[in-house]
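Peer 1:
Structure below.
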């Protein structure tokens, strides 16, 4: 799956300002295999909300979606702003940064309360929470940086790299939590995991999510 998303962000790393372009290059997702080995198996014909909420609370966080992104950042700035265009050109810097992002999304099952659960003779109905970002890793040392700058300016400093890295983390986190297609996929796959978990409690009832 490939998706192109370009955001233009302006933030002051230098006196003149910085224009940074973000876009997704490659984006992959995969379903998380069921791993319910730590979930107690308590199949029962008589089951109530309390039993369900207790089982979900014991599980804590449930991961349904894993993915990876190669995020490209084009960083541009100009250290001088004069009336002479050739001087301005010599004070421009352009850096292209490729960063790999690994992430996991799912549910915080502690958010499901008893009022969100209904138990009937043939079904269990649950209002599921919004997907959360369970984890996100952007290896700082693995970022690839290509450098192009004029003779009147310096290369990217370690401090500037760290500032860009911090901004990158915040931007990617927001994109993952607000992208409709990613949220829908995380919901779908985490609900499948949740069905398997609930089948340990009551395999003869349908599981319905809202």
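Numbering (this note's numbering), first residue to last: 659 to 868.
The C-beta atom is built at its ideal place from N, Cα and C for all residues, glycine as well.
As the structure is a computational prediction, the values presented were derived from the model and not from experiment.
(1) In the DSSP assignment, find the beta strand (DSSP E) that holds residue 733 and state where it starts and stops.
(2) For residue 808, which residues in the same chain have their Cβ closer than 8 Å to its Cβ, ignoring the five residues on either side in sequence?
(3) Distance, Cα to Cα, residue 802 vs residue 754?
(4) Specify whether the stretch 851-864 and the stretch 710-719 touch according to this definition: at least 3 beta carbon pairs, one from each stretch, less than 8 Å apart.
(5) Counting C-beta neighbours from all protein chains within 10 Å, is the total for residue 820 16 or more, i.e. buried, or is it exposed?
(6) Since residue 881 is in the beta strand (DSSP E), which residue starts that stretch and which ends it?
(7) Which runs of the alpha helix (DSSP H) at least 4 residues long sit entirely within the stretch 772-832? Give them in chain order.
(8) Ordered along the chain, which non-local residues of its own chain (more than five positions away) have a Cβ less than 7 Å from that of residue 736?
(9) Put residue 867 into one of helix, strand or coil per three-state DSSP.
(10) Quick one: what does DSSP say residue 742 is sitting in, helix, strand or coil?
Peer 2: The structure says:
(1) 719-736
(2) 747, 748, 749, 750 and 751
(3) 8 Å
(4) yes
(5) exposed
(6) Residue 881 is absent from the model: the chain starts at 659 and stops at 868.
(7) Whole alpha helix (DSSP H) segments, 4+ residues: zero.
(8) 674, 746, 749 and 750
(9) In the structure shown, residue 867 falls within a strand segment according to DSSP collapsed to helix, strand and coil.
(10) coil
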